[in-house]
Structure formats: structure tokens, C-alpha cells
Amino acid sequence: MNSRQRFLEVMHFGNPDRVPYFEEGIRDEVLKIWHNQGLARGVDIQSLFPFDRLEELEPDVDPLPTIGNWPASLSQLNGFQKALDPHDESRLPKDLAAHITAGGTREYTLFLRVNRGFFLSMGVRGWNRFAEVVEALVLDPQFVHKSMSIQCEFAAKLAERVLQTVEVDAVVFSEPIGGNDKPLISPKMYEEFVLKSYEPILAVIRRYGVKTIIFRTYANARLLIPSILKWGFNCLWACEVNAEAMDYRDLRKEFGRDLRLIGGIDLDALRIGKDAIRREIEDKIPALLTQGGYVPLADGRIREDVSFDNYTYYRRLLETVTQR
0 MNSRQRFLEV MHFGNPDRVP YFEEGIRDEV LKIWHNQGLA RGVDIQSLFP FDRLEELEPD
60 VDPLPTIGNW PASLSQLNGF QKALDPHDES RLPKDLAAHI TAGGTREYTL FLRVNRGFFL
120 SMGVRGWNRF AEVVEALVLD PQFVHKSMSI QCEFAAKLAE RVLQTVEVDA VVFSEPIGGN
180 DKPLISPKMY EEFVLKSYEP ILAVIRRYGV KTIIFRTYAN ARLLIPSILK WGFNCLWACE
240 VNAEAMDYRD LRKEFGRDLR LIGGIDLDAL RIGKDAIRRE IEDKIPALLT QGGYVPLADG
300 RIREDVSFDN YTYYRRLLET VTQR
């Protein structure tokens, strides 16, 4: 099987030859440190371990030209809407042509990111804007509804432009909305202000027959899972999580086959050492693999505080456990 076939088979609870081995990307600064820890210079890390290629199309959804201050009231939204032109050719992913050329014969997995989440869509880049947006949820809900409606209608048209030209294996909604102990807004507010606004995007996804809809979130967003399932999401990719609250074994018990899973391996174990890695993988992974619908992956990008020795042990053990 190739990488694409493996991913699709897993998402359909089928019988792949093995699960995909995805990696979020190892930065050059990490490799520099690893060269002093045993990684030979000039050796491609992908030649040492099996990797499955995963590409993600990322249309440009920022206002163009860049705006200095994001809208704070209904009266400011007209000008903002003009900065979101879905027909602007520069918004299409720079690598789109290469994926179009690969066509139906491509062997790698291809995702399309269709939205960057509530807070980024509302222009939150710091605490001042965060406070402004949270206050607006209570004091000016009409403004929040309209702002999200503009953003999501725009995102839907942009997603359709991409889907008209290339077939993708999944779509990704990136949603950095979790705090350490719970989401930053309640499930009721999330449904009212966010999920309802996603409907134009979800309609496009359904129209083009994309079956896997990924909710990629961070920290502890557990309370939102029933809501996203109700709105048609069927896959969770949780990153940099509260490991106890977002334990994939518990999530599978609670939500069953309605919720496919990507990730679930606590990155802290890779920082700590081999015993922690072994416990993390051997305690969590086998049952999830048996149940299906699961792609094992560290729950965050590998950083400088993960040693080359620990990473090597993690990858070798993951291979062993997933191919038993």
C-alpha cells in the first residue's frame, strides 16, 4: 500500500498493511543539535525511518492588503469584507499546481486546511484583542456573528476553488481554542458563534465528497467534542494536549467509531526518556490500533528538547508495536 491508501483505509476502519507514519516536520535547529548527538551529517532523517508523505494545502485567508486594526464593530465590517476576495489568484496555495499535476495517481496523503479557527478568524494575535473578542461575545453578539459569517463565506468560496481542481483526502479545521483545563468558550457559545458559521464550508466539503473532516485542536478541548460530532466532524487531531483530559483511550471509549483519531502520543514522554516512551506507546497504542480508525503520532512537533537517542527509540518502538 502507498501512503494515501493507508490513510484512507485507516479512516474507513479497514485493514491497511500498517498505519501511516506521519511526522509534522523536524526543523533545521533540531537537526543541528542531533548532529552533535549521533545523527551523521549529510544523512536525510527520512532515510533512517519509514515515513509516509503528508502534504497540507493552505490557502491564504488573511485580509489583503494587511490591515492594521481588526474590526471592532459592525460599521467597520464593510471595508474588512473587501479585503477578503476569494477570487484573488494569490490566495491559492503556492504548491497547488504540483498537486494538480500528480492527479489521481498520487501516492501521498493530501489535506486541505479550510479554516484557522474562531480566535484567529477574529484577529486575535494578543491579549488585548482576545479580551475585546470575548467581551463582544456577550455585549455585541451581532458583530461576532456577522464577522464570522463574512470570514466563513469567504473561506467556503476559497475552499471550493481548490476542490474544483484537486481531490483531497481530508479537510482540516484548525481550532486553537483549548485552555489548560477547558475550552476558552463554552460548548453552547461554540455552537452558536462558531459551528453555525462553519456551515457554508461544511456544505462545500459535502458537495465535493470529502469524507474525513479533521478537528485539529490544542490543549484541552474535550468539552467541545460532542458539539463537533453533531456538526459532522469525524476525526480529532489533538496537539500539545492536557494528556490526562485528552487521553485517546478514554475518548475512544466515550465516542467510539464516530471519532477517528490522529496523534495521542504525549510529547513529554519523548522528552523524559526511554522508560516513559515505552510506557506511553505500549500502554496506549495496541488497543487503539486494534479498534482501528487511529493514526499514532506525537502530539506536537519535535523540538530541541527531544534527544536524537530518544527520538530513535520512539520511532523504532512505534514500528515494532504497529507491525505486530
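Quick note on numbering that gives the first Met the number 0: the sequence shown kicks off at 0 and runs consecutively. The beta-carbon is built from N, C-alpha and C at its ideal position, and this holds for glycine as well.
The straight-line gap separating the alpha-carbon atoms of Ala268 and Ala297 is approximately 9 Å. In the DSSP assignment, Val170 falls within the beta strand (DSSP E) that extends over 169 to 174. Following the DSSP letters along the chain, one finds Asn309 in no beta strand (DSSP E) but inside the alpha helix (DSSP H) bounded by residues 307 to 321. For Thr216, the uninterrupted beta strand (DSSP E) segment begins and ends at 212 to 218.
Fully enclosed beta strand (DSSP E) runs of no fewer than 3 residues occupy 53 to 56 of the segment 4 to 76, in order along the chain. Of the other Cβ atoms in all chains shown, fewer than 16 fall within 10 Å of the Cβ of Arg323; this residue is therefore exposed. The C-beta distance from Leu63 to Asp87 rounds to 6 Å, short enough to meet the 8 Å contact threshold. Setting aside the 5 residues that flank it on each side, Val123 is surrounded in the same chain by Phe129, Val132, each with a C-beta closer than 7 Å to its C-beta; the list follows chain order. DSSP places Val161 within a helical segment (H, G or I) once states are collapsed to three. Scanning Gly177, Val203, Ser173, Gln141 for the CA closest to the CA of Leu157 turns up Val203. In this structure, Thr108 and Arg52 form a Cβ contact; the two beta carbons are roughly 7 Å apart against a cut-off of 8 Å. Residue Asp168 holds the alpha-carbon nearest to the alpha-carbon of Lys210 among Asp168, Ile280, Phe21, Trp33. DSSP, reduced to helix, strand and coil, places Glu281 within a helical segment of the structure shown. With a threshold of 16 other beta carbon atoms within 10 Å, Glu318 falls short and is exposed. Between the C-alpha atoms of Ala286 and Ala155 there is a straight-line separation of about 37 Å. Assigned with DSSP and collapsed to three states, Leu222 falls in helix. Per DSSP, Arg128 is one residue of the alpha helix (DSSP H) stretching across 126 to 138. Counted as a single uninterrupted DSSP element, the stretch harbouring Thr104 is not any alpha helix (DSSP H), since DSSP gives it neither H nor E. For Tyr293, the uninterrupted beta strand (DSSP E) run begins and ends at 293 to 297, by DSSP.
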